[in-house]
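Enquirer: Numbering (my numbering), first residue to last: 764 to 979.
C-beta atoms are modelled at their ideal positions from N, C-alpha and C, and glycine is treated no differently.
Sharing a structure below in structure tokens format, with a few things to ask.
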Amino acid sequence: MLNKVIWALIFVIAPSNVFAKHDGFDRVIKTSSKKQIANVDSRIVRSRFDREIDQVIDLRFGFNYRRANVYDFYPLELSNSKARWKSHKEERKLMDYYEYARKDLAKLNQSKLLRVIKADLNQDSTVDYAVIVRNLQKQKNYLAIINFAETLYLKPFQASYLEIINDGKFPTTAVYKHGKKRQLIKAPSFRLVAFDGESKILYFDKGSDKWRSLTL
Numbered sequence: 764m765l766n767k768v769i770w771a772l773i774f775v776i777a778p779s780n781v782f783a784k785h786d787g788f789d790r791v792i793k794t795s796s797k798k799q800i801a802n803v804d805s806r807i808v809r810s811r812f813d814r815e816i817d818q819v820i821d822l823r824f825g826f827n828y829r830r831a832n833v834y835d836f837y838p839l840e841l842s843n844s845k846a847r848w849k850s851h852k853e854e855r856k857l858m859d860y861y862e863y864a865r866k867d868l869a870k871l872n873q874s875k876l877l878r879v880i881k882a883d884l885n886q887d888s889t890v891d892y893a894v895i896v897r898n899l900q901k902q903k904n905y906l907a908i909i910n911f912a913e914t915l916y917l918k919p920f921q922a923s924y925l926e927i928i929n930d931g932k933f934p935t936t937a938v939y940k941h942g943k944k945r946q947l948i949k950a951p952s953f954r955l956v957a958f959d960g961e962s963k964i965l966y967f968d969k970g971s972d973k974w975r976s977l978t979l
């Protein structure tokens, strides 16, 4: 009984940005426990391909970036801005949503790391990687299209995950603008799928030498 009272007091007096029992953590942890949170990425099991992607990200961007994971989208804690003006009930409700969305995102990507698109995306006979990266300094996610020699694309990522279209085969016809328009795409293309917003198709237009997107 005494233990229950102590844990209840810890929850009540803890600051707004705390996180509860999720994904293997078995206790309420205060914001000051930053070391445990920061190491969550290092505990994700990586395949040989994952390590190859980590290598090319490190080569292109250095230590300020790493490959994004599901916790970068739906974290184990609430930031001050997310927790502001929320009651404990609202905080717990949001954290429950994060847990659900995190598991759903991991299932879709078949990993806690975000899916990578591997293809010759700009048709220059070099294999490219479309990968979501995390800027550790800005704490923001970016879509990067890179290879071992150069960075082809780097912009803020507002969607949830990537999905190749037609197994990377082309040409393919995209239907967009609520089915009102069609576009013949003569290059490998992929969807930027958003859980809570508009999804897009991204591809490289060789004729204009530009990356183009279509809003779905």
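Whose C-beta lies closer than 7 angstroms to the C-beta of residue 789 among residues of the same chain, with five residues either side of it excluded?
Expert: Any reading at residue 789 is ruled out, since the residue's pLDDT is 40, under 50, leaving its predicted position unreliable.
Enquirer: At the level of alpha carbons, what is the spacing between residue 787 and residue 942?
Expert: In this prediction, residue 787 scores a pLDDT of 48, lower than 50, which makes its location untrustworthy; the coordinate-derived value is nonetheless stated afterwards. Looking at the two C-alpha atoms, the distance is approximately 43 angstroms.
Enquirer: Three-state secondary structure (DSSP) at residue 940?
Expert: Note: residue 940 maps to coil in three-state DSSP.
Enquirer: In angstroms, rounded to a whole number, what distance separates the CA positions of residue 957 and residue 886?
Expert: 26 angstroms
Enquirer: Quick one: which unbroken alpha helix (DSSP H) runs of 4-plus residues sit fully inside the segment 848 to 894? Chain order, please.
Expert: 851 to 872
Enquirer: So residue 835 and residue 897 are in contact, right, with Cβ under 8 angstroms, and what is the actual spacing, rounded?
Expert: 5 angstroms
Enquirer: Taking only three categories from DSSP, how would you classify residue 924?
Expert: strand
Enquirer: Going by alpha carbons, who is nearest to residue 900 out of 818, 817, 829, 979?
Expert: For residue 900, the closest C-alpha among the options 818, 817, 829, 979 is that of 829.
Enquirer: Using the DSSP secondary-structure output, state which residues sit across from residue 832 in a beta bridge.
Expert: Per DSSP, 876.
Enquirer: Ordered along the chain, which non-local residues of its own chain (more than five positions away) have a Cβ less than 8 angstroms from that of residue 970?
Expert: none
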